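One structure is given here, and the rest of the page talks about it.
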Ligand SMILES: [Zn+2]
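Numbering (our numbering), first residue to last: 457 to 772.
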């Protein structure tokens, strides 16, 4: 008999649940608003209600599912089942699993949402089931998730795995975390836009100006579009940005030497050629060069479903 799991991906705006089989396939999905300004017990009750509804939508009795996994943005202590801090959800030191268990007897697990996405990608996505995989998400910030020996790396009280805030330049660019020189301040889509804006000022003849006019704004794509049309200033922005992305990855490779590095987030949609450019630098500059095994750098493949599938994988 097929085993079914529920994966729940909770965000500040909405939560998404999926009925997932043991092969990581989503049978059906459902969603509802989170409304985190309410008392947290009400939010947890809605989490339960959404899980139950999603199971029923897929024709499965909720109490018969093999397990529920919940991905939460913030610092999560998965062993204790508590959330230390989640700014998006307005949760401070709350026992989510204990509250959830008031509604059901189904075995339930929680984890940080980025870690869940990494687990989903590693097991059922571009990681191809490899035991050691790192997911790097290049979006508004730089998110990282580490799967080592098939387990999520959480660190003390779930506060580890914040690879976006490793320092790549002393006294460098200001980061959203309050520190300076973090990888995120150079390799996020936000940082790429800032780098593009500076190049626009410096190179008045660049075709990036035409692209901005046409698109109506500077975006993470501006420099890439110009680069692909042979623009020199665009090429400089792209090549520098690729170096920044690769720099952080090389640091991670030197510490963890995973089997595979997976890149997700908005910037990864630029395509395989971008990922290949990053991989080339990682290959050249990782410790030991070609004498050591250098992990391939690949594009994440599950997209927005990684959170649901990975949350479900917590319970597998
Ligand atoms: Zn930072």
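Glycine included, every Cβ here is placed at the ideal spot set by N, Cα and C. Note that the structure is predicted; figures quoted are calculated from it, not measured.
Taking the CB atoms as reference points, tell me whether residue i and residue j lie closer together than 9 Å.
{"i": "residue 708", "j": "residue 608", "result": "no"}
{"i": "residue 591", "j": "residue 574", "result": "yes"}
{"i": "residue 597", "j": "residue 589", "result": "no"}
{"i": "residue 757", "j": "residue 515", "result": "no"}
{"i": "residue 626", "j": "residue 619", "result": "no"}
{"i": "residue 525", "j": "residue 566", "result": "yes"}
{"i": "residue 594", "j": "residue 645", "result": "yes"}
{"i": "residue 602", "j": "residue 712", "result": "yes"}
{"i": "residue 459", "j": "residue 465", "result": "no"}
{"i": "residue 676", "j": "residue 649", "result": "yes"}
{"i": "residue 572", "j": "residue 763", "result": "yes"}
{"i": "residue 761", "j": "residue 576", "result": "yes"}
When DSSP labels each residue in this structure, what does residue i get in the three-state scheme?
{"i": "residue 587", "result": "coil"}
{"i": "residue 719", "result": "strand"}
{"i": "residue 626", "result": "coil"}
{"i": "residue 663", "result": "coil"}
{"i": "residue 678", "result": "helix"}
{"i": "residue 724", "result": "helix"}
{"i": "residue 537", "result": "coil"}
{"i": "residue 520", "result": "helix"}
{"i": "residue 580", "result": "helix"}
{"i": "residue 687", "result": "coil"}
{"i": "residue 503", "result": "helix"}
{"i": "residue 696", "result": "helix"}
{"i": "residue 472", "result": "strand"}
{"i": "residue 712", "result": "helix"}
{"i": "residue 594", "result": "strand"}
{"i": "residue 551", "result": "coil"}
{"i": "residue 532", "result": "strand"}
{"i": "residue 542", "result": "strand"}
{"i": "residue 466", "result": "strand"}
{"i": "residue 568", "result": "strand"}
{"i": "residue 562", "result": "coil"}
{"i": "residue 485", "result": "strand"}
{"i": "residue 607", "result": "strand"}
{"i": "residue 738", "result": "helix"}
Could you work out which residue in the options is closest to residue i when comparing CA atoms only?
{"i": "residue 477", "options": "677, 521, 582, 702", "result": "521"}
{"i": "residue 723", "options": "489, 599, 587, 577", "result": "599"}
{"i": "residue 554", "options": "546, 583, 500, 461", "result": "500"}
{"i": "residue 743", "options": "714, 754, 552, 482", "result": "714"}
{"i": "residue 779", "options": "578, 594, 668", "result": "The shown model of the chain, from 457 to 772, leaves out residue 779, and the question about it has no answer."}
{"i": "residue 754", "options": "746, 738, 747", "result": "738"}
{"i": "residue 652", "options": "639, 495, 595, 673", "result": "673"}
{"i": "residue 697", "options": "641, 720, 725, 657", "result": "641"}
{"i": "residue 663", "options": "675, 647, 676, 683", "result": "683"}
{"i": "residue 457", "options": "486, 467, 479, 472", "result": "479"}
{"i": "residue 770", "options": "539, 485, 534", "result": "534"}
{"i": "residue 539", "options": "576, 486, 610", "result": "610"}
{"i": "residue 506", "options": "560, 568, 551", "result": "560"}
{"i": "residue 537", "options": "551, 527, 488", "result": "551"}
{"i": "residue 689", "options": "718, 706, 512, 657", "result": "657"}
{"i": "residue 490", "options": "468, 633, 617", "result": "468"}
{"i": "residue 569", "options": "613, 558, 513, 530", "result": "530"}
{"i": "residue 706", "options": "624, 461, 693, 613", "result": "624"}
{"i": "residue 513", "options": "487, 685, 635, 772", "result": "487"}
{"i": "residue 523", "options": "541, 461, 502, 495", "result": "461"}
Distance check for residue j and residue i, CA to CA, integer angstroms please.
{"i": "residue 702", "j": "residue 517", "result": "47 Å"}
{"i": "residue 728", "j": "residue 543", "result": "34 Å"}
{"i": "residue 735", "j": "residue 508", "result": "43 Å"}
{"i": "residue 563", "j": "residue 630", "result": "43 Å"}
{"i": "residue 687", "j": "residue 659", "result": "11 Å"}
{"i": "residue 710", "j": "residue 699", "result": "16 Å"}
{"i": "residue 691", "j": "residue 654", "result": "14 Å"}
{"i": "residue 732", "j": "residue 661", "result": "29 Å"}
{"i": "residue 504", "j": "residue 463", "result": "11 Å"}
{"i": "residue 668", "j": "residue 548", "result": "42 Å"}
{"i": "residue 750", "j": "residue 704", "result": "15 Å"}
{"i": "residue 740", "j": "residue 752", "result": "12 Å"}
{"i": "residue 470", "j": "residue 747", "result": "47 Å"}
{"i": "residue 720", "j": "residue 497", "result": "33 Å"}
{"i": "residue 546", "j": "residue 493", "result": "7 Å"}
{"i": "residue 474", "j": "residue 768", "result": "8 Å"}
{"i": "residue 671", "j": "residue 647", "result": "19 Å"}
{"i": "residue 528", "j": "residue 718", "result": "21 Å"}
{"i": "residue 511", "j": "residue 485", "result": "9 Å"}
{"i": "residue 532", "j": "residue 613", "result": "7 Å"}
{"i": "residue 725", "j": "residue 679", "result": "14 Å"}
{"i": "residue 519", "j": "residue 716", "result": "37 Å"}
{"i": "residue 558", "j": "residue 632", "result": "37 Å"}
{"i": "residue 693", "j": "residue 766", "result": "34 Å"}
{"i": "residue 759", "j": "residue 643", "result": "19 Å"}
Please report whether the beta-carbon of residue i lies at a distance below 9 Å from any beta-carbon of chain C.
{"i": "residue 740", "result": "This model lacks chain C altogether, as it is built from one protein chain only."}
Could you name the residues whose beta carbon sits closer than 6 Å to any heavy atom belonging to ligand 1, keeping them in chain order? 621, 631, 633, 635, 638, 640
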